[in-house]
Amino acid sequence: MEATPEARTEVSLERTLEELLAVERFEPPAGFTRRRHIEADQAAADADPEGFWADAARDLLTWETPFTQVLDDSNPPFYTWFADGTLNLSVNCLDRHVAAGRGERVAFHWRGEEGERRDVTYARLLADTQAFANGLRQLGVQAGDVVGIFLPMIPEVAVAMLACARIGAVHNVVFGGFAPSAVAERMAVSEAKVLVTVDGARRKGKRAEVKAAVDAELGELPALAHIVVVRGPGEHPGVVPMTAGRDVWYDELLAAAEPDCPAVALPAEHPLFILYSSGSTAKPKGILHTTAGYLLGATYTHRMVFDIDADTDVYWCSADVGWITGHSYIVYGPLSNGATSVMYEGAPDYPDRDIWWRIIEEYRVTVFYTAPTAIRTCIKWGPEFPGRHDLSSLRVLGTVGEPINPKAWLWYHLVIGGGRCPIVDTWWQTETGSVLISPLAGVTATKPGSATRPLPGISPALFAEDGKPLTEGTGILVITRPWPSMLRTLYKDDERFVETYFSRFGPSTYVVGDAARLDADGYFWIIGRIDDVINVSGHRLSTAEVESAIVAHEAVAEAAVVAEPDEQTGQAIVAFVTLAGERIGDAEVEAQLRDHVARRIGKLARPRRIIWADDLPKTRSGKIMRRLLRDVAAGRELGDVTTLRDPAVMAVIADRVRGAR
Ligand code: 6R9
Numbered sequence: 001m002e003a004t005p006e007a008r009t010e011v012s013l014e015r016t017l018e019e020l021l022a023v024e025r026f027e028p029p030a031g032f033t034r035r036r037h038i039e040a041d042q043a044a045a046d047a048d049p050e051g052f053w054a055d056a057a058r059d060l061l062t063w064e065t066p067f068t069q070v071l072d073d074s075n076p077p078f079y080t081w082f083a084d085g086t087l088n089l090s091v092n093c094l095d096r097h098v099a100a101g102r103g104e105r106v107a108f109h110w111r112g113e114e115g116e117r118r119d120v121t122y123a124r125l126l127a128d129t130q131a132f133a134n135g136l137r138q139l140g141v142q143a144g145d146v147v148g149i150f151l152p153m154i155p156e157v158a159v160a161m162l163a164c165a166r167i168g169a170v171h172n173v174v175f176g177g178f179a180p181s182a183v184a185e186r187m188a189v190s191e192a193k194v195l196v197t198v199d200g201a202r203r204k205g206k207r208a209e210v211k212a213a214v215d216a217e218l219g220e221l222p223a224l225a226h227i228v229v230v231r232g233p234g235e236h237p238g239v240v241p242m243t244a245g246r247d248v249w250y251d252e253l254l255a256a257a258e259p260d261c262p263a264v265a266l267p268a269e270h271p272l273f274i275l276y277s278s279g280s281t282a283k284p285k286g287i288l289h290t291t292a293g294y295l296l297g298a299t300y301t302h303r304m305v306f307d308i309d310a311d312t313d314v315y316w317c318s319a320d321v322g323w324i325t326g327h328s329y330i331v332y333g334p335l336s337n338g339a340t341s342v343m344y345e346g347a348p349d350y351p352d353r354d355i356w357w358r359i360i361e362e363y364r365v366t367v368f369y370t371a372p373t374a375i376r377t378c379i380k381w382g383p384e385f386p387g388r389h390d391l392s393s394l395r396v397l398g399t400v401g402e403p404i405n406p407k408a409w410l411w412y413h414l415v416i417g418g419g420r421c422p423i424v425d426t427w428w429q430t431e432t433g434s435v436l437i438s439p440l441a442g443v444t445a446t447k448p449g450s451a452t453r454p455l456p457g458i459s460p461a462l463f464a465e466d467g468k469p470l471t472e473g474t475g476i477l478v479i480t481r482p483w484p485s486m487l488r489t490l491y492k493d494d495e496r497f498v499e500t501y502f503s504r505f506g507p508s509t510y511v512v513g514d515a516a517r518l519d520a521d522g523y524f525w526i527i528g529r530i531d532d533v534i535n536v537s538g539h540r541l542s543t544a545e546v547e548s549a550i551v552a553h554e555a556v557a558e559a560a561v562v563a564e565p566d567e568q569t570g571q572a573i574v575a576f577v578t579l580a581g582e583r584i585g586d587a588e589v590e591a592q593l594r595d596h597v598a599r600r601i602g603k604l605a606r607p608r609r610i611i612w613a614d615d616l617p618k619t620r621s622g623k624i625m626r627r628l629l630r631d632v633a634a635g636r637e638l639g640d641v642t643t644l645r646d647p648a649v650m651a652v653i654a655d656r657v658r659g660a661r
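See the structure below:
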């Protein structure tokens, strides 16, 4: 039988992937602009980290009052940076670009789910930000007050964040996909004074009545004085409940507001935002970031990691603004650098599974930043969707959120990057504010699956359980010096802040919560959260390593492994596997996979059980919630599933587990 052209390319893609899996190191391509700067930065940071950050802060940020102090470490772990300087973050993101004659530059090419296009310039963003800042003031918001933001991916989300920053209000953005009950809870604990939300939102052609749903959950919130309602894109068929005296329409507030809102010069350590972390393990933490240090981290890393040239690049980060990645790399980093970005409202498979690639082709996107989970989904869908579009504008690719399996890395490299784009695997956290360990595009030689080396001014280390530093091998990842964009505390919970991050090795060692491996070249390989390490017969295996081995099999799109107790070996491995092309597995594939893992890692790492899953339980930011898989494997009641992107996934998996027993 003749193979179809599609089947033939798939076979050759599989073959190329298989061959490239043997390549350990990819040298940086030529033609990248930052190389000289980075070498100078690295040398400066190695010689004097504080001096390096001080120079960067003077160079990259616009100050109202210059600082004279740099790091104050007199009360660890409560560090401050640039504390006697003042500045306004919205001035750095907007006014300074408009003043330099770049007001007509597009800040966001907004693309709606139904194909709508809106280009928002820096001048427009500044005008709306000023008007909305005045509107917030009219509603009684003052510096230090908390403003909740629960909006879909529309330009107003950036306006709302920047308007808060302009007047010194502290924003608390809640993921647009969270349930209204999560919004109510976060408004309550942060004592938000105003909530900015939307009448309704759309997702894959369906409409959700957001305002009505939020109203139903809010209950009595004594601090919450007003709700501002943005009219979202698309049809507005439903009646939106508006409580007189409390609720106001965003467009009416804007139209009535004074256009000019002079920026307030705020101390460098003025609180900028609270963000509740993804909570893939425990009760969400209210991570607090302050103004100057955070902005410096976002600005410097966005520019250096992605090799951004604001005059020519079209940059797109596909994350949601409600995740730290959206804060730092959709809003603050790109705007502070004066870059042009794409902002996309919709899902990756609506109207069809090629929509991302269509957008890249349309806007000639040059730098694309997404998550491994999204790449694995694309692998599952097949290469024909990106294959329909011209992706030759791309020059840098990034990933964030989880360890990336070498096979997914190579697929991204070949199918999306055409084999020519460096991939920056950026390791960081909500707590770190900006990227800490990552290759620099066009500078660092990459190894698929490794986040490579620390950025200048960042000092990670690996500790053994007893706190001894390791020069190679597997251990606990820590950061041994403060850095400007680090979290300052957990909102109204200093005690939990110290306990969570600084109790294990003392107040000057930040404990990340991840395990990692350091290789002979000084490259970091993030294994995952410390709880994700599996111990089979005394051998420590990382979930990432076993998952990568399973995923390397040609039939597999995605895998998650967890441990279950075993009388003989202590722990045994249970693997949840999704096959490519939406196939369902059988005994033969199962046997192949077990063999395959035995060959790649060793017999020890062979999964004892394999459960076929159509999809895996993921948080909104795409992190696999192994905690739920552990529960289901053990036949326990599931814990909290409210932060899942699609809670229905767990029911299907639970059925399969029961069937497999
Ligand atoms: C930005 C973000 C933080 C945790 C982090 C780690 C995992 C993030 C990673 C990565 C391996 C990468 N993580 N990036 N693991 N390689 N490139 O994701 O923030 O949602 O707070 O999660 O995500 O486990 O500790 P956040």
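Numbering (UniProt numbering), first residue to last: 1 to 661. Note that beta-carbon positions come from the ideal geometry of N, C-alpha and C, so glycine has one too.
- Pairing Arg137 with Glu10, the inter-Cα distance amounts to about 58 Å.
- Secondary-structure assignment with DSSP links Pro469 through a beta bridge to Phe463.
- Residue burial annotation: Ser392 is exposed, with fewer than 16 other C-beta atoms found within 10 angstroms of its C-beta.
- Under the rule that a run must span 3 or more residues, the beta strand (DSSP E) segments found entirely inside the stretch 516-595 read 524-529, 533-536, 539-542, 556-566, 570-579.
- Leu139 is not a Cβ neighbour of His270, given a cutoff of 7 Å.
- DSSP places Leu13 within a helical segment (H, G or I) once states are collapsed to three.
- The way I'd put it, the stretch 455-466 doesn't touch the stretch 314-334; fewer than three beta-carbon pairs between them come closer than 8 Å.
- In the three-state scheme derived from DSSP, where H, G and I count as helix and E and B as strand, His97 is classed as helix.
- The closest heavy atom of the ligand 6R9 lies 6 Å or more from the beta carbon of Trp381.
- By the CB criterion at 7 Å, Gly398 and Val424 fall inside the cutoff.
- Straight-line spacing of the CA atoms in Val240 and His109 works out to 28 Å.
- Taking C-alpha positions only, Asn337 is separated from Ala310 by approximately 7 Å.
- Under the DSSP assignment, Asn172 falls in the beta strand (DSSP E) whose first and last residues are 170-173.
- With respect to the 7 Å criterion, Pro29 and Ala445 are not classified as neighbours on the basis of their beta carbons.
- DSSP assignment within the stretch 270-352 yields the following whole alpha helix (DSSP H) runs of 4 residues or more, N-terminal first: 291-305, 333-336.
- The residue among Ser621, Arg645, Pro617 with its C-alpha nearest the C-alpha of Val632 is Pro617.
- Secondary-structure assignment with DSSP links Phe108 through a beta bridge to Val120, Ser341.
- At least one heavy atom of the ligand 6R9 falls within 6 Å of the beta-carbon of Ile324.
- Straight through space, the alpha carbons of Ile573 and Val556 are spaced by roughly 17 Å.
- Annotated three-state conformation of Trp249 is strand, per DSSP.
- For Ile527, the CB contacts under 8 Å within the same chain, skipping 5 residues up- and downstream, are Pro403, Thr474, Asp514, Ala515, Ala516, Arg517, Val533, Ser542, Thr543, Ala544, Glu545 in chain order.
- Ser277 and Thr62 have their C-alpha atoms some 29 Å from each other.
- Runs of the alpha helix (DSSP H) lying entirely within the stretch 468-508, each at least 4 residues long, are 494-502 in chain order.
- Counting C-beta atoms within 10 angstroms of its own C-beta, Ile584 has fewer than 16 neighbours from the protein chains shown and is therefore classed as exposed.
- Secondary structure at His37: helix, using DSSP grouped into helix, strand and coil.
- Distance check between Val443 and each of Phe505, Gly401, Met304 places Met304 closest, using alpha-carbon atoms only.
- Per DSSP, the beta-bridge partners of Leu71 are Trp81.
- Here Pro386 carries a helix assignment [DSSP, helix/strand/coil].
- Boundaries of the alpha helix (DSSP H) around Leu628: 626-633.
- Under the DSSP assignment, Thr377 falls in the alpha helix (DSSP H) whose first and last residues are 372-381.
- Separation of Ala47 and Ala54 (C-alpha to C-alpha, rounded to the nearest whole angstrom) is 13 Å.
- Of the candidates Leu254, Ala339, Met625, the residue whose Cα lies closest to the Cα of Leu94 is Ala339.
- By the C-beta criterion, the stretch 189-202 is judged to be in contact with the stretch 216-231, since at least 3 inter-stretch pairs fall below 8 Å.
- At least one heavy atom of the ligand 6R9 sits closer than 6 Å to the Cβ of Ala451.
- Put simply, of Arg453, Thr619, Arg600, Ala654 the residue whose alpha carbon is nearest the alpha carbon of Ile611 is Ala654.
- Residue state for Val240 is assigned as coil, using DSSP reduced to three classes.
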